[in-house]
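Participant:
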Amino acid sequence: ASARVKGYRPALDSRINLHDVSLEGGDTLVVGLLTNALQSLDPANHRDRETETVIRNMYDGLVTRTPDGKVVPELAESWHTEDNKVWTFTLRQGVRFHDGSLMTADDVVFTFERTLSPTGIDGQPSPRAGLLGPLEKVEKVDERTVRFTLSQPFPEFLQLLPHHQIVSKAYVEKVGSAGLSERPNGTGPFKFVSGRLDGEVILERFDDYYGGAPDLPPVGPPPLRRVVFRMMPDPASRVNALKAGDVHIIQAVPVDAIPELERDPDIQVLTAEGTRLYMIELNNKVFTDRRVRQALNYAINWDAILSAVYGGTAQRVPTAMLPSGFGYNPDVQPYPYDPDKARELLREAGYQVR
Numbered sequence: 002a003s004a005r006v007k008g009y010r011p012a013l014d015s016r017i018n019l020h021d022v023s024l025e026g027g028d029t030l031v032v033g034l035l036t037n038a039l040q041s042l043d044p045a046n047h048r049d050r051e052t053e054t055v056i057r058n059m060y061d062g063l064v065t066r067t068p069d070g071k072v073v074p075e076l077a078e079s080w081h082t083e084d085n086k087v088w089t090f091t092l093r094q095g096v097r098f099h100d101g102s103l104m105t106a107d108d109v110v111f112t113f114e115r116t117l118s119p120t121g122i123d124g125q126p127s128p129r130a131g132l133l134g135p136l137e138k139v140e141k142v143d144e145r146t147v148r149f150t151l152s153q154p155f156p157e158f159l160q161l162l163p164h165h166q167i168v169s170k171a172y173v174e175k176v177g178s179a180g181l182s183e184r185p186n187g188t189g190p191f192k193f194v195s196g197r198l199d200g201e202v203i204l205e206r207f208d209d210y211y212g213g214a215p216d217l218p219p220v221g222p223p224p225l226r227r228v229v230f231r232m233m234p235d236p237a238s239r240v241n242a243l244k245a246g247d248v249h250i251i252q253a254v255p256v257d258a259i260p261e262l263e264r265d266p267d268i269q270v271l272t273a274e275g276t277r278l279y280m281i282e283l284n285n286k287v288f289t290d291r292r293v294r295q296a297l298n299y300a301i302n303w304d305a306i307l308s309a310v311y312g313g314t315a316q317r318v319p320t321a322m323l324p325s326g327f328g329y330n331p332d333v334q335p336y337p338y339d340p341d342k343a344r345e346l347l348r349e350a351g352y353q354v355r
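Dropping the structure here:
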């Protein structure tokens, strides 16, 4: 990020949250996104991190995450569950959509029913339906209370809700999914001005914003007046634009560019643990033998790969769990690099090895 950017903290999920960000000497901030096009500006019609970044600056959900991954209230004021199967949420009062209408329990119920429905997105299923776990139904209890019923106890349900942003029932029924993508109408800190999915999207501050998550200060309207999200799929172009001052925030910086950027007094290099895991799929006949799977682990010099390819910006994990995530066991260690052990295991499995 530019050294002029203040208050920006990279998030665990790589989303760029601009509610708390300010720009020294200016009020229009430009973000270079690592994609050639967004998928949609409909919160229920995408499965893409860059698309989610733009959407979640225009829309809020019942809950959100802190940069370190903790779930905190956003449009919900509170929630409770006694059995991890039935979850009841109390909504914040006085929240307005960008068109001036008040958010109610009807909007929350509509949002989730639309995502659950196999025809909810102009006759098509939502790509985000799989991010609702075993959710069966959503009911309005009263104007401020919504009840979610799952088919079975699911303690992780709360962890899925930051992926779902609330839309206006009346607005979507009027314009449809295509209309919502062309002219978004959320409750978030910034409202849509103009833009193209394959060009740039311009947002401006929503002055009637309710303030955002109380657990993520500062609470209130964002300091920035305007935000521009620019599609910049080429890594070198993003870096050059940052150095020239044409953009203020970029992500996915090439590893070989980091040392130069760290030496630049006009640039700050900020890091956060990511949520992307890279692994080798073992679902084929060759790897049904446990010894072959173990041999593969022993045969690969992971540390050399991390050093040469990622320049020390990545780390090994022994399982599919993230070090910062639920269920991670720090006592489980990755396989050491041991090619002799790999050969021994392959011979035991019946393979000829030099």
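Residues in the sequence shown are numbered from 2 upward in steps of one, following this note's numbering.
In this text, a Cβ means the ideal position worked out from N, Cα and C, and glycines have one as well.
From a predicted model like this one, the values you see are computed outputs, not experimental measurements.
Give the secondary structure of residue 230 by DSSP, where H, G and I count as helix, E and B as strand, and everything else as coil.
Facilitator: It is a strand residue.
Participant: Does the separation of the CB atoms of residue 197 and residue 225 fall below 8 Å?
Facilitator: Their beta carbons are not under 8 Å apart, which means residue 197 does not touch residue 225 by this criterion.
Participant: Indicate the three-state DSSP secondary structure (helix, strand or coil) for residue 166 in the structure shown.
Facilitator: If DSSP states are grouped into helix, strand and coil, residue 166 belongs with the strands.
Participant: Does the beta-carbon distance from residue 249 to residue 128 come in below 8 Å?
Facilitator: No, Cβ-Cβ distance for residue 249 and residue 128 is not below 8 Å.
Participant: In whole angstroms, give me the CA-to-CA distance for residue 182 and residue 113.
Facilitator: If you take the alpha carbons of residue 182 and residue 113, they lie about 17 Å apart.
Participant: Tell me, please, which residues DSSP counts as bridged to residue 288.
Facilitator: Answer is none; residue 288 lacks a bridge partner.
Participant: Measure the C-alpha to C-alpha separation of residue 203 and residue 241 and round it to an integer number of angstroms.
Facilitator: So the two alpha carbons sit approximately 21 Å from each other.
Participant: In terms of residue numbering, what span does the alpha helix (DSSP H) encompassing residue 274 cover?
Facilitator: First-last for residue 274: undefined, no H or E at that position.
Participant: Nearest CA to the CA of residue 146: which residue from 108, 156, 174?
Facilitator: For the residues 108, 156, 174, the minimum Cα distance to residue 146 belongs to 108.
Participant: Taking the CB atoms as reference points, tell me whether residue 37 and residue 232 lie closer together than 8 Å.
Facilitator: Against a cut-off of 8 Å, the Cβ pair of residue 232 and residue 37 comes out as a contact.
Participant: Using CA coordinates, which residue listed in 168, 201, 180, 195 is at the minimum distance from residue 187?
Facilitator: Checking every option, the nearest Cα to that of residue 187 belongs to 168.
Participant: Is residue 260 helix, strand or coil by DSSP?
Facilitator: If DSSP states are grouped into helix, strand and coil, residue 260 belongs with the helices.
Participant: Pull up the distance between the alpha-carbon of residue 215 and that of residue 194, whole angstroms please.
Facilitator: Their backbone Cα atoms lie some 27 Å apart in a straight line.
Participant: Could I get the ranges of all uninterrupted alpha helix (DSSP H) runs contained in the stretch 133-216, with 4 residues as the minimum, in chain order?
Facilitator: Those alpha helix (DSSP H) runs which fall completely within the stretch 133-216 and span 4+ residues are 158-161, 170-183.
Participant: Considering only DSSP beta bridges, list what residue 125 is partnered with.
Facilitator: Answer is 122.
Participant: Provide the residue span of the alpha helix (DSSP H) that contains residue 219, from first to last.
Facilitator: Neither: residue 219 is in no alpha helix (DSSP H) and is coded neither H nor E.
Participant: Is the stretch 248-264 in contact with the stretch 276-288, if contact means three or more CB pairs nearer than 8 Å?
Facilitator: Judged by Cβ distances under 8 Å, the stretch 248-264 makes no contact with the stretch 276-288, as fewer than three pairs qualify.
Participant: With DSSP collapsed to three states, give me the class of residue 237.
Facilitator: DSSP places residue 237 in helix when its eight states are reduced to three.
Participant: Pull up the distance between the alpha-carbon of residue 315 and that of residue 335, whole angstroms please.
Facilitator: Cα-Cα distance, rounded: 14 Å.
Participant: Mind checking residue 51: buried by the 16 CB within 10 Å criterion, or exposed?
Facilitator: Buried, by the Cβ-count rule.
Participant: Short of 6 Å in beta carbon distance, which residues of its chain neighbour residue 42, apart from the five on each side in sequence? Order them along the chain.
Facilitator: The answer, listed in chain order, is 182, 185.
Participant: Does the contact criterion of 3 or more C-beta pairs under 8 Å hold for the stretch 216-223 versus the stretch 79-94?
Facilitator: No, because fewer than three Cβ pairs between the stretch 216-223 and the stretch 79-94 fall closer than 8 Å, the two stretches do not touch.
Participant: Hey, could you find the ends of the beta strand (DSSP E) residue 90 is sitting in?
Facilitator: Per DSSP, residue 90 belongs to the beta strand (DSSP E) from 87-92.
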